[in-house]
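Asker: Here the protein sequences line up with chains B and G, keeping their order.
Under this note's numbering, residues 1 to 90 are what the first sequence spells out, in order.
Under this note's numbering, residues 1001 to 1194 are what the second sequence spells out, in order.
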Amino acid sequence: MVRAEPAVPLDQPRVRRLVRTRVVAAIGPVTVLAAVIWTIFQPYRLTLLHPRGQGFWWLAVEPPLLIVLVGLLFSAFVAPGLIEDLEDDR
Amino acid sequence: MQPAAEFVHWLFATGFLILGLCLLSEAIVGADVWNRRSWRAYLWPGTAFLMGIGMWPVMILFTNSTLHMVAHSAWAQVLMLAGGAELALVRGRLSSRYWHLTIALALVVSGTASLVHEQNPWYFSRSAFIHHAMGWLLITGALFPLARTFRPRSFVLSAGFAATFLVVSVLLYSHRDVADIFGHLSPAAGAPHR
């Protein structure tokens, strides 16, 4: 005779919650990583690396740095509370 | 001191990135968990409303043509309308789900404005390409909030809506004043720089 049911029943909602938690936690770091990869491929987009002779706007608005900032702010302020609420949602 | 158009595009790209990440998170965890903290519920409608306000200085300062001014003011109005309607829905001042249709309206108007105010063909320059691509993206992306009004719990529709903003963000970040697109640059566009 073969037993069809697993020894420990799978807790589908728990697995789903775990996956969601990990994805939310990864959003910020992935955003930062995307900016780092972009900078490696197009270092000239980061004027901070060659600031001599650059005007105000070229130094103030640097897309890769803006993306890093968004990723860090998301990781610091949005993700922790969201993960906490997700874990409380049982 | 007035910034070149590319800086403004990059700043708005950042706004769209914030919107996209918030909406993606909401799609992943579900609206019930996302709205559990009130500041979070206000985050993306508030950002949309502020971006609408931010479009007014763009309309006033970038007066290349009447068409640009009309397009920018149309964006400002529909962004403020959609952001304001969503804020009122979160606050409970509005209750009908049909107010969510203002987002679809905002995307259609923004997409149309992007297409209409770009007078050059796709491969004229990178800027022209981005305006065409963004226009069609916003118009087709309007299907997500349109369908989401009637199926608010659909993950696919919510994720598609978030992805629309993330792709808009990528397009805006790749904008340059004068640059080629896939090796094409019309001589009429001027000399490429940075």
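In this text, a Cβ means the ideal position worked out from N, Cα and C, and glycines have one as well.
(1) Determine which residues of the segment 1018 to 1041 of chain G have a Cβ less than 8 Å from any Cβ of chain B, and write them out in chain order.
(2) Rounded to whole angstroms, what's the CA-CA distance from Ile40 (chain B) to Arg52 (chain B)? Just pull it up for me.
(3) Is DSSP giving His1184 (chain G) helix, strand or coil here?
(4) Indicate whether the contact test is met: 3 or more Cβ pairs, each with one atom in the segment 1099 to 1117 of chain G and one in the segment 71 to 82 of chain B, closer than 8 Å.
(5) Quick one: give me the first and last residue of the alpha helix (DSSP H) that Leu1019 (chain G) is part of.
(6) Using the C-alpha atoms, what's the distance from Ala1048 (chain G) back to Tyr1173 (chain G)?
(7) Please list, in chain order, all residues of the same chain as Trp58 (chain B) whose beta carbon is under 8 Å from its beta carbon, the five residues on each side excluded.
(8) When the cut-off is 8 Å and only beta carbons count, does Pro1003 (chain G) lie next to chain B?
(9) Give the interface partners of Val78 (chain B) over in chain G, defined as CB-CB distance under 9 Å, in chain order.
(10) Given a limit of 9 Å on CB to CB distance, which residues of the segment 22 to 39 of chain B reach chain G?
(11) Please tell me whether Arg1097 (chain G) and Asp85 (chain B) are closer than 8 Å, where the distance is taken between their beta carbons.
(12) What is the C-beta distance between Trp1044 (chain G) and Leu1019 (chain G), in whole angstroms, given that I count them as a contact (C-beta under 8 Å)?
(13) Within 10 angstroms of its Cβ, does Ser1158 (chain G) collect 16 or more other Cβ (buried), or is it exposed?
(14) Please list, in chain order, the residues of the segment 61 to 73 of chain B that have any C-beta partner in chain D closer than 7 Å.
(15) Taking the C-alpha atoms as reference points, what is the distance between Ile67 (chain B) and Val32 (chain B)?
Answerer: Judging by the given coordinates:
(1) Ile1018, Leu1021, Cys1022, Leu1024, Ser1025, Ile1028, Val1029, Asp1032, Val1033, Trp1034, Arg1036, Arg1037 and Arg1040
(2) 20 Å
(3) strand
(4) no
(5) Ala1005 to Val1029
(6) 18 Å
(7) Thr47
(8) yes
(9) Leu1021, Cys1022, Ser1025, Arg1040 and Leu1043
(10) Val23, Val24, Ile27, Gly28, Thr31 and Trp38
(11) no
(12) 6 Å
(13) buried
(14) You won't find chain D in this structure, because its protein chains are B and G.
(15) 7 Å
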